[in-house]
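In UniProt numbering, the protein residues as written are 1 to 264. Even glycine gets a Cβ: it sits at the ideal position worked out from N, Cα and C. Here the structure is a predicted model, which is why all the values come from computation and not from measurement.
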Amino acid sequence: MLELPIHQLPAYTRWFPRASAGATALAEHAVATQVGRLWVDRADRPRMVAVACAGHVLLRGDPGAVTPAALAPLAGGYVQAPAQFVPLLGASFDRVVPWERMVYIQREKPEAPRPPHGVTVRRMDAADTRALAALDADSAWIQASWGGPGGLADSGHAWGAFHKDRLLAVACTYFLGSRYEDIVVVTAPGHRRQQLALSCVVALGADVAARGRTASWTCSRYNRASRLLAWTAGFRLEREYVHHATGPASSRGITNTRVATRTG
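See the structure below:
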């Protein structure tokens, strides 16, 4: 596939869902933040388009437009694509695992959280970059859709629970759409079950509503803790879908990709 600079994505947004809840908002997020990658099968009148951000991929178009080897850049990602792409994915990667997902919408008033004494929940800003950078490796993924700790801290879309200067939990908009903001949360090990995550999610949800959008929540069907947290925070099930976790590119061979410098 041909990789295009991400600033060219607005020319291809018609290929992807608009005003959609869940991870399908990633195309709108990539346009707004310029964080992500964009591929087409060819520069002139493309037949297939893929956009990726934070390890998630939206793939649309004609699966017959490329060979399996052309999808090598999507290895190790979570691919959302119409059903007709499944055979192509199976031929492109040594491992493809379907993953059942659930999308929730914040529809009800959340339960009032009770964070521990001495904890402050507030909007994060650029001064909190160091605190985000200090998150443990298992939590660092939360920064990916904003390009790193600096991008997330400066985004205005993150709320943190702090004890003095230490960040104990953070909730943020992961994919910023025109109608929905898909949100996520992490809590530092040793500080779970203290309503820190709920406190951050409730504050962020109110912030999203104040911006005239609706918070959404996406998780695995089998992540009971995440589903319970979503319910407690006022989220209700909207839809279910399947995305595919891709392994290494097929051992049958890969092709090189290149970055284009011109529009299609």
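> Any idea what DSSP makes of Y180, helix, strand or coil?
Replying inline: strand
> Going straight from the alpha carbon of P149 to that of T129, what length do you get?
Replying inline: 5 Å
> How big is the Cα-Cα spacing for V202 and D41?
Replying inline: 42 Å
> How many angstroms separate the CA atom of G234 from the CA atom of Q106?
Replying inline: 5 Å
> Starting from R122 and walking both ways along the beta strand (DSSP E), at which residues does that stretch end?
Replying inline: V119 to R123
>> If the criterion is Cβ atoms closer than 9 Å, does the pair A25 and G177 meet it?
In response: yes
> Just to confirm, are E238 and S216 a CB contact at a threshold of 9 Å?
Replying inline: Yes. Within cutoff.
> What is the C-beta distance between H191 and R101, in whole angstroms, given that I count them as a contact (C-beta under 8 Å)?
Replying inline: Rounded, the Cβ-Cβ distance is 27 Å, inconsistent with contact.
> Which whole-angstrom value describes the C-beta separation of V96 and G247, a residue pair presumed to lie in contact below a C-beta threshold of 8 Å?
Replying inline: A Cβ-Cβ distance of about 7 Å is found for the pair V96 and G247, placing them in contact under the 8 Å criterion.
> How about S145 and V31: are their beta carbons less than 9 Å apart?
Replying inline: no
> Can you tell me whether A83 is buried or exposed, with buried defined as 16 or more other CB within 10 angstroms of its CB?
Replying inline: exposed
> According to the Cβ coordinates, are L168 and L152 closer than 9 Å?
Replying inline: no
>> With H, G and I counted as helix, E and B as strand and the rest as coil, what does DSSP make of P115?
In response: coil
>> Strictly by DSSP, which residues pair up with L38?
In response: L4 and V51
>> Could you pull the DSSP bridge partners for F235 from this structure?
In response: Q106
> What is the C-beta distance between Y180 and T214, in whole angstroms, given that I count them as a contact (C-beta under 8 Å)?
Replying inline: Contact annotation, Y180 with T214: C-beta distance approximately 5 Å; criterion of less than 8 Å satisfied.
>> Our contact map puts A65 next to R37 with C-beta atoms below 8 Å; I'd like the distance itself, whole angstroms only.
In response: In fact, because the Cβ distance is near 18 Å, the residues do not count as touching under 8 Å.
> How many Å lie between A245 and H117 at the Cα?
Replying inline: Going from the Cα of A245 to the Cα of H117 covers about 41 Å.
>> Using a 10 Å radius around the Cβ and a threshold of 16 neighbouring Cβ atoms, would you call T218 buried or exposed?
In response: buried
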